[in-house]
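Structure first, commentary second.
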Amino acid sequence: MMAEIGLTHYLVVAAILFALGVAGVLYRRNAVGMLIGIELILNAANVNLIAFARYADRGVGVPGVNGSAGLEGQVFAIFVIILAACEAAIGLAICINIFNKFGSIDADRADTMRG
Amino acid sequence: MSYETLSFYMLSALAVCAAAVATFSRSIVNAAFGLLFSLAAVAGLYVLLRADFVAVTQVVVYVGGIVVLLLFGVLLTNRRLEDLSAFAHRPRAVAIILGLAVLTVLLSMVLGASWPQAEVAQLEGTTRPIGYLLLQDYLLPFEFSSLTLLIALVGAAYLVRSQERDE
Numbered sequence: 139m140m141a142e143i144g145l146t147h148y149l150v151v152a153a154i155l156f157a158l159g160v161a162g163v164l165y166r167r168n169a170v171g172m173l174i175g176i177e178l179i180l181n182a183a184n185v186n187l188i189a190f191a192r193y194a195d196r197g198v199g200v201p202g203v204n205g206s207a208g209l210e211g212q213v214f215a216i217f218v219i220i221l222a223a224c225e226a227a228i229g230l231a232i233c234i235n236i237f238n239k240f241g242s243i244d245a246d247r248a249d250t251m252r253g
Numbered sequence: 008m009s010y011e012t013l014s015f016y017m018l019s020a021l022a023v024c025a026a027a028v029a030t031f032s033r034s035i036v037n038a039a040f041g042l043l044f045s046l047a048a049v050a051g052l053y054v055l056l057r058a059d060f061v062a063v064t065q066v067v068v069y070v071g072g073i074v075v076l077l078l079f080g081v082l083l084t085n086r087r088l089e090d091l092s093a094f095a096h097r098p099r100a101v102a103i104i105l106g107l108a109v110l111t112v113l114l115s116m117v118l119g120a121s122w123p124q125a126e127v128a129q130l131e132g133t134t135r136p137i138g139y140l141l142l143q144d145y146l147l148p149f150e151f152s153s154l155t156l157l158i159a160l161v162g163a164a165y166l167v168r169s170q171e172r173d174e
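Chains A and B supply the protein sequences, listed in that same order. Counting from 1, position 36 in the first sequence corresponds to residue 174 in this note's numbering; the numbering is continuous, with no gaps. Counting from 1, position 32 in the second sequence corresponds to residue 39 in this note's numbering; the numbering is continuous, with no gaps.
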């Protein structure tokens, strides 16, 4: 376990961060708290992408990647960061709207559309 | 124990502990700061993984942008400061049990599989090749993501402003 750091170490850290994010989404009633959990989940996915970009065996003869081998995972991580920024902006706008309408951002109180 | 191993364990411990604060802290402000430290530690992990550009992007976008946005959201949606620590939660046991279930499934998969590893020898900077990749192979997704970002920001501004106009 104390040997050289490898792919598995990073995957374990990402799994722990992901599980904490899921627990946070389930634990919070506060909508902003749920957003924090979602950010943790997206971040754990990013750790996986970067770790695979560095360690995964890509086989031979992947076309079009000579000179930039192993960087696709990092490009994907950048796209995930962009989408996380979109999600945070929209999520907070919805939170503020819910706050204006219901007087709090308790996710259980915004139940107008409950059947 | 090499310097890299030591850094990995310290950064992962910081990331996990701060994420635990972000998840289970009673105060939502403390949770936002826990998220900040967790994201900063993960940026350190990216440096260990030789992803310098993504690490800097992580600090600029996540730590500098998203966490500040979340803090604004917290402060805008709490009328009084004493409300910050007094918000209700769902039962903690349920969240812990379901989180542990997710963790068990993920760990059994991660530790059970045999990952074929081939370390990429890559010590030079990654910014230049990432720039070429974004503007050559990934040009279409890159442009679409910028469009998505624009639409999301305009939509967020509209969502917040339209409510004020109705009142």
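Glycine is no exception: its CB is placed at the ideal position from the N, C-alpha and C atoms. Here the structure is a predicted model, which is why all the values come from computation and not from measurement.
For residue i, the nearest candidate out of the options (CA to CA)
| i | options | result |
| --- | --- | --- |
| Leu102 (chain B) | A:Gly175, A:Asn184, A:Asn238, A:Asp246 | Rather than Leu, the amino acid found at residue 102 (chain B) in this sequence is Ala. Closest option to Ala102 (chain B), Cα to Cα, is A:Gly175. |
| Ala153 (chain A) | B:Leu113, B:Tyr53, B:Glu11 | B:Leu113 |
| Tyr10 (chain B) | B:Leu55, B:Val23, B:Phe31, B:Ala25 | B:Leu55 |
| Thr133 (chain B) | A:Lys239, A:Arg192, A:Ser242, A:Val150 | A:Arg192 |
| Val49 (chain B) | B:Ala39, B:Phe40, B:Ile73, B:Ala62 | B:Ala62 |
| Val75 (chain B) | B:Leu107, B:Arg33, B:Phe44 | B:Phe44 |
| Ala100 (chain B) | A:Tyr148, A:Leu164, A:Leu149, A:Glu142 | A:Leu164 |
Residue i versus residue j - alpha carbon distance
| i | j | result |
| --- | --- | --- |
| Leu13 (chain B) | Ala248 (chain A) | 47 Å |
| Ile234 (chain A) | Leu83 (chain B) | 7 Å |
| Asn186 (chain A) | Tyr53 (chain B) | 10 Å |
| Tyr16 (chain B) | Thr146 (chain A) | 13 Å |
| Val161 (chain B) | Gly119 (chain B) | 45 Å |
| Val109 (chain B) | Leu155 (chain A) | 11 Å |
| Gly80 (chain B) | Leu230 (chain A) | 6 Å |
| Ser206 (chain A) | Pro98 (chain B) | Summary for Ser206 (chain A): the model assigns pLDDT 46, below 50, so the residue's position carries little reliability; its value from the coordinates is reported in the next sentence. Roughly 48 Å between the two C-alpha positions. |
| Ala159 (chain B) | Ser153 (chain B) | 10 Å |
| Ile137 (chain B) | Leu209 (chain A) | 7 Å |
| Gly199 (chain A) | Leu221 (chain A) | Confidence is the limiting factor: at Gly199 (chain A) the pLDDT is only 44, short of 50, which leaves the residue's position unreliable, though a coordinate-based value still follows. Cα to Cα, the separation comes out at about 31 Å. |
| Leu176 (chain B) | Ala182 (chain A) | The displayed coordinates of chain B run from 8 to 174. Any statement about residue 176 (chain B) would go beyond what the structure contains. |
| Glu131 (chain B) | Arg168 (chain B) | 46 Å |
| Gly144 (chain A) | Phe237 (chain A) | 46 Å |
| Arg57 (chain B) | Tyr69 (chain B) | 19 Å |
| Leu105 (chain B) | Arg135 (chain B) | 42 Å |
| Gly51 (chain B) | Ala25 (chain B) | 14 Å |
| Pro123 (chain B) | Val151 (chain A) | 19 Å |
| Glu177 (chain A) | Gly41 (chain B) | 12 Å |
| Ser32 (chain B) | Ile188 (chain A) | 28 Å |
| Asn37 (chain B) | Ala29 (chain B) | 7 Å |
| Ala39 (chain B) | Ala163 (chain B) | 21 Å |
| Ile232 (chain A) | Leu166 (chain B) | 7 Å |
| Gly241 (chain A) | Ser115 (chain B) | 43 Å |
| Asp144 (chain B) | Lys239 (chain A) | 45 Å |
| Thr111 (chain B) | His96 (chain B) | 24 Å |
| Val203 (chain A) | Thr64 (chain B) | Only weak support exists for where Val203 (chain A) lies, its pLDDT of 47 falling under 50; the value from the coordinates is given anyway. Looking at the two C-alpha atoms, the distance is approximately 23 Å. |
| Ser121 (chain B) | Phe190 (chain A) | 13 Å |
Beta carbon of residue i nearer than 8 Å to that of residue j
| i | j | result |
| --- | --- | --- |
| Leu141 (chain B) | Val218 (chain A) | no |
| Gly159 (chain A) | Ile179 (chain A) | yes |
| Leu78 (chain B) | Ala223 (chain A) | no |
| Arg167 (chain A) | Asp246 (chain A) | yes |
| Val170 (chain A) | Ile243 (chain A) | yes |
| Ile35 (chain B) | Ala226 (chain A) | no |
| Val117 (chain B) | Leu149 (chain A) | yes |
| Ala47 (chain B) | Val23 (chain B) | no |
Residue-level contact to chain A via CB, residue i, 8 Å cutoff
| i | result |
| --- | --- |
| Arg33 (chain B) | no |
| Phe15 (chain B) | yes |
| Tyr10 (chain B) | no |
| Phe60 (chain B) | yes |
| Thr155 (chain B) | yes |
| Glu89 (chain B) | Residue placement at Glu89 (chain B) is flagged as unreliable, the pLDDT there being 46, under the threshold of 50; a coordinate-derived value is accordingly withheld. |
| Gly72 (chain B) | yes |
Residue-level contact to chain B via CB, residue i, 8 Å cutoff
| i | result |
| --- | --- |
| Thr250 (chain A) | no |
| Arg247 (chain A) | no |
| Ile176 (chain A) | no |
| Ala223 (chain A) | yes |
| Ala183 (chain A) | no |
| Phe240 (chain A) | no |
| Ile179 (chain A) | no |
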